[in-house]
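Protein chains: 4
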Amino acid sequence: MKKKLIIDVDTGVDDAMAIMVALANPDVEILGITCCHGNTPLENVLKNTLRVLKVCDRLDIPVYRGCSKPLLARKQHAGDYHGKDGLGDVPDPDAPGLDLLQKKNAVQAMIKLVKDNAGEVILVATAPLTNLAVAVQLDPSLPKKLKALYIMGGNTESRGNTTVCGEFNFVADPEAAYIVLDRYTCPTYMATWEFTCRNSLPWSFCDTWLAESTLKADFMKKISSLSRMKEITAGTGFNSCDVYALAAAIDDTLITESEEVAVAVELEGTYTRGMMVVDYIQKLKKDHKAIIMKKVDLEKLKQMLTNALK
Amino acid sequence: MKKKLIIDVDTGVDDAMAIMVALANPDVEILGITCCHGNTPLENVLKNTLRVLKVCDRLDIPVYRGCSKPLLARKQHAGDYHGKDGLGDVPDPDAPGLDLLQKKNAVQAMIKLVKDNAGEVILVATAPLTNLAVAVQLDPSLPKKLKALYIMGGNTESRGNTTVCGEFNFVADPEAAYIVLDRYTCPTYMATWEFTCRNSLPWSFCDTWLAESTLKADFMKKISSLSRMKEITAGTGFNSCDVYALAAAIDDTLITESEEVAVAVELEGTYTRGMMVVDYIQKLKKDHKAIIMKKVDLEKLKQMLTNALK
Amino acid sequence: MKKKLIIDVDTGVDDAMAIMVALANPDVEILGITCCHGNTPLENVLKNTLRVLKVCDRLDIPVYRGCSKPLLARKQHAGDYHGKDGLGDVPDPDAPGLDLLQKKNAVQAMIKLVKDNAGEVILVATAPLTNLAVAVQLDPSLPKKLKALYIMGGNTESRGNTTVCGEFNFVADPEAAYIVLDRYTCPTYMATWEFTCRNSLPWSFCDTWLAESTLKADFMKKISSLSRMKEITAGTGFNSCDVYALAAAIDDTLITESEEVAVAVELEGTYTRGMMVVDYIQKLKKDHKAIIMKKVDLEKLKQMLTNALK
Amino acid sequence: MKKKLIIDVDTGVDDAMAIMVALANPDVEILGITCCHGNTPLENVLKNTLRVLKVCDRLDIPVYRGCSKPLLARKQHAGDYHGKDGLGDVPDPDAPGLDLLQKKNAVQAMIKLVKDNAGEVILVATAPLTNLAVAVQLDPSLPKKLKALYIMGGNTESRGNTTVCGEFNFVADPEAAYIVLDRYTCPTYMATWEFTCRNSLPWSFCDTWLAESTLKADFMKKISSLSRMKEITAGTGFNSCDVYALAAAIDDTLITESEEVAVAVELEGTYTRGMMVVDYIQKLKKDHKAIIMKKVDLEKLKQMLTNALK
Ligand SMILES: [Ca+2]
Ligand SMILES: [Ca+2]
Ligand SMILES: [Ca+2]
Ligand SMILES: [Ca+2]
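Now the structure itself:
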């Protein structure tokens, strides 16, 4: 049986890669893509998601409009990294129109799809967790109907990429992150910022990867040009954060080391608001533990990325 | 044309009175009653609401199941005041069953009812504001389709009834209160804790009022027995908080004095979490102002209460 | 026996009036004046205090240099109200030099003076409470050696004058205010912002008062010119905040109504940091209660002010 | 010239070791030992410090009484680790009496000693930072007169030992830690919790070390028995936290790897209050950077410990 996925995105460059990795895998069925504010305003996220599906000739996959704002925080976009339009500022004049979107709201769609496929859906979240937080508020039974939840977000050692101690997806909606880590008691796998940084791919792979002469490779080369330049300057290797969460969700053998720890999200700190708190000394008195990814099989990851552009 | 109301309740004794006041007014049409956690767990709120409608012979009014938990806070019930079942601990063996509830969720019903009656609906909220917060997150266009919003909740002078500085409905879900005061930019009328305390009715009225020999008066006498005893001890007069918000919503002339001020909700304080912040010195830089009730025409209020038990 | 006072000031216009009221009273002995940052930087506070003493021909009173910064907060001055120099921007070319200051630090002087006059000293604080907080940290036995503490600061109904909910002296060093209200378990009298506003003097009195042709009246007229103009515009009457605390300290019959309540200071709020929390519903579980002034005998206050300029 | 040290302690077992390491070094002159609340109540800290000096026959070194409480937090002792008396619960019937203490307060002594030896004093702080915070508040010029400051405290990767994310010395007085990291702009070296954990000594060394048949070794064996048992169970190696700060202060070559980063302390978090914040991405806009120790020359450390018990 195919793995049934719902992907919750704020399409960005790495969300795009994640979607393409999923589409390339014959054993994966994408039940729907739910869109959330994040890297770029929701309207761009919707457009970008449709552009990715078009390049992959898979506009049959339903795309849903979700939350345009975080629960409390002001909107905060990562525009300088992913480009103003969230996808490298290389517009496509023939981009598909938003009339292709589903009528149902992303949150309601998520609830219905999970209910109709109870016990089978893997939810992969590569955006701020607003949609997931609203969904569990509307339907508290949602988490126990999920097979698993994979999240790109949070951090483990107080290294921030957006605030001193905070990772973008969590800082963009800390309350949503708190709610999700508190109420999604299904198996929960976390690809945190430190994890993705430590498992980045060498730039040499990236060069080879993008050198393929396929439509998909062309597209990826174009949309990632801006962010690659920034990362090369930063010298941290090729770190496509969202891909780790997606890849782990579709291949159980990808993660070679992980640890189970209770986690929470700091909501009140001056410096630490949005920081993920990892409870190594059992102070939170939480039964549910998250599975925090530590190491990845890089060769398998490379293969998945390579397949994605074929 | 009749006034179209949606009432969002956590039925409680004073919510019950508010519903009965609304039902007694021939110029009011109740489009639906949406239920929220609060005074008592959601299951009780649902049962209590149906019991009130049964006593009034109005089980035709649709009742919806809403949020069972606040966005972040732990559940907090006012059970010692309203009784363990939220309605004075005088169970009805013939209470209507929950099969009478609508299938649609309260939040979705609220969105749909407001959409179908755009510009005409007055939303009266006498519970923690969780349902309203989730609704605006799902449909950001909801507030501008409302005619007005009436809220029982918050405080103006840092006098708490639940925490040192916090009123019950706001403390029970501070994030929801924050979201509602931030995003519901429709005309917003506030019946705060200090306002209701200062406009309480004399106990002598209460005695006369409950002495009527009608089914409704019997019901009210029974369910309010516990809370009246507590209030008499406290010596503060008969303060049926939720009734003020409802009564103001159905009679524009009830409020004889009010002020327009920008407001917000404190989310982070040790002592003040959930406290309503009133911006008398224009520091919040907020355009939207709430209309804070100051004085009520007590004779009119008495008449409305009297009618409610006839 | 004379009343022995230590006055802790951030001389401003109303601190100046308070000092002059004290000097005019034959039954008061000022053991020392300790200076603190506040309305204006500490260097100005020191200069201003000496100027007041010079006008009153009382440079024999020891003046001490205290804390130049709040414990944690950034410096915050009320310069637009009291003038840039804290005393109405009417410099005195013959102002006494800072060489007249005592060598001992204000905090150490406070500890020593109280120790040497155990049980007899009334401490009047009309500035941010930094000096008092550091003193109790150095000598935890200080409060129980005091006869009484009079504070101008805080608020009772969340009406701020500096932030939405915060009064200047408390907001200028919230941690110090918290420490003082927590550890000074001696009789503690509070002249809060709301209290001073509600007991302001009519402008007509102020005109008569300043019309005296004495050196002191001339001085007061000059230094208060700027702030009087601002207050007249604001329309709130003549409110010389610090004078209430001082006057209450030297005449036990001045305050005609007060209430005893436990109080604390909010340290963490977004809107409420520095707000005084008044525990009307016994949630703080605090034994020690502050005496909050409610009403003042205005005729007595006028007489004291009049005497001060003679 | 000898290195002039002031050691600020809350003598526990590892403070005792640190003092003994300092005493054993012929190139070190201890100007004074200032005592602070912390591992155990201040009275115990004072007694324990004198006991250590007595075993080393150095009761000539002045010991000062400092702050008995943190600035704001409730007292919090590490009694279960260091024993109820802070020194392994092996009382000495002939312990020296508190009459041997200096009359001057620790904070004032610190200010005077640093002033009298301007530019020469290395301050080593192995306790909550309350004394240092009060000192800089009393004398803002203190830090620039120091040669260097060595601190055992804080954490770098949000690993707590007392709260989820907080190290004991910082959590015991977060405001003091904040003030010290903010205002001590002298060279500041940090031995953090993660650093000491990663540079612990093998238990085999510890066995040999304590097997010496000297009075000092006997003393150390006795007082450390309780904590060694706990650590062995925890399996983390022999980690005498305070010794790292002291040893680094007296031998510049001990630390073989370190990094300079701006740091701060979180004061408001629910989970993170007291956590040290390390600014790897330059969000704090702070000029002053702390020098965070990363690796230690273990052989040198062993030698210093060995010398200490000779
Ligand atoms: Ca993303
Ligand atoms: Ca209610
Ligand atoms: Ca003042
Ligand atoms: Ca220590």
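Protein chains in written order, with the working numbering: chain A, 1 to 310; chain B, 311 to 620; chain C, 621 to 930; chain D, 931 to 1240. Beta carbons: idealized from backbone N, C-alpha and C, even for Gly. All values derive from a computational prediction rather than experimental measurement.
Under DSSP, Ser860/C takes part in no beta bridge, so it has no partner.
In summary, Asp1103/D is buried, with 16 or more beta-carbon neighbours lying within 10 Å of its beta-carbon over all protein chains present. The DSSP-derived three-state label of Ser1188/D is strand. For the pair Ile936/D and Met1040/D, the Cα-to-Cα distance works out to about 8 Å. Our two residues, Ile291/A and Trp193/A, have alpha carbons roughly 14 Å apart in a direct line. Counting other Cβ atoms within 10 Å of its Cβ, Ile591/B stays below 16 and is therefore classed as exposed. Burial check for Leu1043/D: the Cβ neighbour count within 10 Å reaches 16 or more, so the residue is buried. For Asp14/A, the CB falls within less than 7 Å of some heavy atom of ligand 1. Look at Leu381/B: its C-beta is under 8 Å from a C-beta on chain A.
Annotation for Cys206/A: the continuous alpha helix (DSSP H) segment containing it runs 203-211.
Going by DSSP, Tyr189/A is part of the beta strand (DSSP E) stretching over 188-191. With a cut-off of 8 Å on Cβ pairs, the region 787-803 of chain C is in contact with the region 734-753 of chain C, counting three or more such pairs. The C-beta distance from Val951/D to Lys933/D rounds to 13 Å, too long to meet the 8 Å contact threshold. As the crow flies, the alpha-carbon of Leu918/C is around 22 Å from that of Leu769/C.
By the Cβ-count criterion, Gly119/A is exposed, with fewer than 16 other Cβ atoms from all chains shown falling within 10 Å of its own Cβ. Closer than 8 Å to the CB of Val134/A there is at least one CB belonging to chain B. Three or more beta-carbon pairs separated by less than 8 Å link the region 666-674 of chain C to the region 627-641 of chain C, which places the two stretches in contact.
Of all C-beta pairs linking the region 189-204 of chain A to the region 149-160 of chain A, three or more are shorter than 8 Å, placing the two stretches in contact. Thr873/C sits exposed, since fewer than 16 C-beta atoms from the chains shown fall within 10 Å of its C-beta. In this structure, DSSP gives Glu1124/D a helical state, which the three-state scheme calls helix. Restricting attention to alpha helix (DSSP H) runs no shorter than 4 residues, the region 934-1009 of chain D encloses them at 943-954, 972-985, ordered along the chain. Spatial neighbours of Thr1186/D in its own chain (CB-CB distance under 7 Å, excluding positions within 5 residues in sequence) are listed in chain order as Lys1225, Val1226, Asp1227. Spatial neighbours of Arg583/B in its own chain (CB-CB distance under 8 Å, excluding positions within 5 residues in sequence) are listed in chain order as Thr473, Gly476, Val481, Pro484, Glu576, Leu577.
Closest by C-alpha distance to Leu972/D, out of Gly1090/D, Asp990/D, Glu1189/D, Leu1017/D, is Leu1017/D. DSSP places Ala264/A inside the beta strand (DSSP E), whose first and last residues are 263-265. Listed along the chain, the chain B residues whose CB falls inside 7 Å of the CB of Gln137/A are Cys377, Leu381, Val444.
Contacts with chain B at 8 Å (Cβ-Cβ) do not include Pro143/A. When secondary structure is reduced to three states using DSSP, Asn105/A falls in the strand class. Excluding its 5 nearest sequence neighbours in each direction, Ala127/A has C-beta neighbours in its own chain below 6 Å: Asp8, Val9, Asp10, Cys36, Gly38, listed in chain order. Met293/A carries a strand assignment under DSSP once its states are collapsed to helix, strand and coil. In the structure shown, Leu439/B adopts coil according to DSSP, grouped into three states. Cβ-Cβ distances below 6 Å link Lys145/A to Val114, Ala118 in the same chain, with the five nearest sequence neighbours on each side left out; the list follows chain order. Counting the other Cβ atoms within 10 Å of the Cβ of Lys689/C gives 16 or more, which makes it buried. Look at the region 1034-1060 of chain D: the residues with a C-beta under 8 Å from a C-beta of chain C are Asn1035, Val1037, Gln1038, Thr1060. Between Met304/A and Tyr81/A, the alpha-carbon positions lie close to 24 Å from each other. By the C-beta density criterion, Ala211/A is exposed, having fewer than 16 other C-beta atoms within 10 angstroms.
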